[in-house]
Amino acid sequence: MKIKIFDTTLRDGEQTPGVAITSQDKFKVADALVELGVDIIEAGFPSASEGEENTVKEISKNFPGKICGLARCTKNDIDACIKTDVDLIHIFIATSPIHMKYKLKMTEEQVTEKIRESIQYCKDQGFKVHFSLEDATRTEENFMIRTCRLADEMNVNYINIPDTVGVCTPERMRHIISMLRKEISTPLAVHCHNDFGLAVANTLAGIEEGVVLPHVTINGVGERAGNADLEQVVMGCKILYANKFETNIKTEKIYETSKLVERLYGIKISPNFPFVGDNAFAHEAGIHVHGVLAESSTYEPITPEMVGAKRRIVLGKLVGMHAVESKLKELNYDVRMKLPIL
Numbered sequence: 001m002k003i004k005i006f007d008t009t010l011r012d013g014e015q016t017p018g019v020a021i022t023s024q025d026k027f028k029v030a031d032a033l034v035e036l037g038v039d040i041i042e043a044g045f046p047s048a049s050e051g052e053e054n055t056v057k058e059i060s061k062n063f064p065g066k067i068c069g070l071a072r073c074t075k076n077d078i079d080a081c082i083k084t085d086v087d088l089i090h091i092f093i094a095t096s097p098i099h100m101k102y103k104l105k106m107t108e109e110q111v112t113e114k115i116r117e118s119i120q121y122c123k124d125q126g127f128k129v130h131f132s133l134e135d136a137t138r139t140e141e142n143f144m145i146r147t148c149r150l151a152d153e154m155n156v157n158y159i160n161i162p163d164t165v166g167v168c169t170p171e172r173m174r175h176i177i178s179m180l181r182k183e184i185s186t187p188l189a190v191h192c193h194n195d196f197g198l199a200v201a202n203t204l205a206g207i208e209e210g211v212v213l214p215h216v217t218i219n220g221v222g223e224r225a226g227n228a229d230l231e232q233v234v235m236g237c238k239i240l241y242a243n244k245f246e247t248n249i250k251t252e253k254i255y256e257t258s259k260l261v262e263r264l265y266g267i268k269i270s271p272n273f274p275f276v277g278d279n280a281f282a283h284e285a286g287i288h289v290h291g292v293l294a295e296s297s298t299y300e301p302i303t304p305e306m307v308g309a310k311r312r313i314v315l316g317k318l319v320g321m322h323a324v325e326s327k328l329k330e331l332n333y334d335v336r337m338k339l340p341i342l
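Structure, rendered in structure tokens:
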């Protein structure tokens, strides 16, 4: 099954506390995402400011057919997106009881009417529509089904199920997606946050049940604990499911894209972050080094070259002779003589 990758590094990723990147840096990231093979890039929230609107417009002009803009279900927000000439407008409104009561101060009927008006307005202007039920995983199921049926009947391009505060489990995500696929025919997306460390697991669970548009960010950047990261979602599809789920991502460019975002966003990647952390392909313990040097798959699930990274043999407390020999060869020393045991 073909999976399209929706990257929101430039929108949700920029909402990371402490991150504020320049327009020039946003262009660099957008260019890298296109080179990586991302299908849809959410470039920003145009109504946030005039500067944001201008930046999204420039990105859209440079990468036609790939750019999405975010908008609340209001005419002003949608108009700001329209001015940027994006290919896809991502409209959202909260549907959970807690959001409707305390944030929107709206009833289910009022929210439903807002959804109807906003979808129709986007379509009347000739735009494709990506509709999100904010806080979907805390939304009552009957209301979730009704709103999704409405969006489906209005022929939106995608319906997104966000786990806005990261409280979903893989089991519940499978249930939600399976339930909705019986009710609607519109392609489904998921947008998972990592508050309980389950963003990737929930995203993959959604894909297992038929989601075709996972939302991801480079390095998992995003609000609070972040989002599902592109690196693990893409490599999970490729390796854990043996290419049952195919993407357009050029995986050998993952590492360099990760490092670009790390530098521009100023957020240091954890050393043990899968695939792109400094220790992801580093080995010190003698038994592990011996195994990896003999056959890398003994202690590596993939080769580092698959993501554009490199293996490191580290000399430390638990090092063995094979690591010493490997390091000496790396430094161009002659190791034909038998090394003494110290």
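Here UniProt numbering is used: the first residue of the sequence shown is 1, the next is one more, and so on.
For every residue, glycine included, the Cβ atom is placed at its ideal position computed from N, Cα and C.
Every value quoted in this text rests on a predicted model; they were computed, and no experiment measured them.
Three-state class that DSSP yields for residue i in the structure shown
| i | result |
| --- | --- |
| Val276 | coil |
| Arg11 | coil |
| Ala94 | strand |
| Ala20 | coil |
| Lys28 | helix |
| Glu256 | helix |
| Glu300 | coil |
| Glu246 | strand |
| Asp334 | coil |
| Ser60 | helix |
| Met103 | Note that residue 103 is Lys in the sequence shown, not Met. In the structure shown, Lys103 sits in a helix (DSSP, three-state: H, G or I). |
| Met179 | helix |
| Thr251 | helix |
| Tyr241 | coil |
| Ser49 | coil |
| Phe143 | helix |
| Arg224 | coil |
| Ser270 | coil |
| Gln125 | coil |
| Leu204 | helix |
Minimum C-alpha distance to residue i - residue among the options
| i | options | result |
| --- | --- | --- |
| Cys148 | Gly126, Tyr121 and Ile177 | Ile177 |
| Ser23 | Gly37, Val211, Ser60 and Asp39 | Ser60 |
| Gln232 | Arg224, Glu330, Asn202 and Glu223 | Asn202 |
| Ala151 | Ile93, Cys192 and Gln125 | Ile93 |
| Ile207 | Phe273, Cys237 and Pro17 | Cys237 |
| Asp25 | Asp85, Lys250, Pro304 and Val56 | Val56 |
| Asp39 | Pro214, Cys168 and Glu134 | Pro214 |
| Met306 | Gly69, Glu256, Leu188 and Val261 | Glu256 |
| Pro97 | Thr139, Gly65 and Thr84 | Thr139 |
| Lys259 | Leu36, Phe6, Gly197 and Gln15 | Leu36 |
| residue 349 | Glu141, Ala228, Lys182 and Asp135 | In the structure as shown, the chain starts at 1 and stops at 342, and residue 349 therefore has no counterpart that could be examined. |
| residue 369 | Val111, Val156 and Ser118 | The question about residue 369 has no answer here: the residues shown for the chain are numbered 1 through 342. |
| Pro17 | Ile267, Lys66 and Glu171 | Ile267 |
| Val190 | Tyr333, His99, Leu331 and Gly210 | Gly210 |
| Ile41 | Asn332, Ile5, Gly291 and Ser297 | Ile5 |
| Ile218 | Met179, Cys73, Arg263 and Lys2 | Arg263 |
| Gly65 | Glu109, Asp195, Thr84 and Val216 | Thr84 |
| Gly308 | Met235, Val167 and Thr95 | Met235 |
| Ala32 | Phe275, Pro271, Val261 and Ala71 | Val261 |
| Ile89 | Met173, Gly126 and Asn54 | Gly126 |
| Cys168 | Arg116, Leu204, Ile159 and Arg181 | Leu204 |
| Val276 | Glu295, Leu230 and Asp87 | Leu230 |
| Arg172 | Met154, Gly51 and Cys192 | Cys192 |
| Ile119 | Ile21, Arg72 and Met100 | Arg72 |
Bridge partners - residue i, DSSP secondary structure assignment
| i | result |
| --- | --- |
| Asn160 | Ser132 and Ala189 |
| Thr217 | Asp229 |
| Cys168 | Looking at the DSSP assignment, Cys168 forms no beta bridge with any residue, so it has no partner. |
| Ile313 | His283 |
| Ala80 | In DSSP, Ala80 forms no bridge with anything. |
| Ala71 | Ile91 |
| Ile40 | Phe6 |
Assumed close pair residue i, residue j - CB separation to whole angstroms, cut-off 8 angstroms
| i | j | result |
| --- | --- | --- |
| Arg312 | Ala282 | 4 angstroms |
| Ile91 | Cys68 | The pair is not a contact, with the Cβ atoms about 11 angstroms apart (cut-off 8 angstroms). |
| Val29 | Thr9 | 6 angstroms |
| Lys244 | Met1 | 7 angstroms |
| Met144 | Thr186 | With a Cβ gap of about 14 angstroms, Met144 and Thr186 do not count as contacting. |
| Leu188 | Val212 | 7 angstroms |
- Message: Is it the case that the region 74-86 contacts the region 41-55, given that we only count it when at least three CB pairs across the two stretches are under 8 angstroms?
- Response: yes
- Could you tell me whether the region 99-106 touches the region 152-163, using the rule of 3 or more Cβ pairs below 8 angstroms? no
- Count the C-beta pairs between the region 215-225 and the region 237-251 that are closer than 8 angstroms, then say yes if the count reaches three, no if not. no
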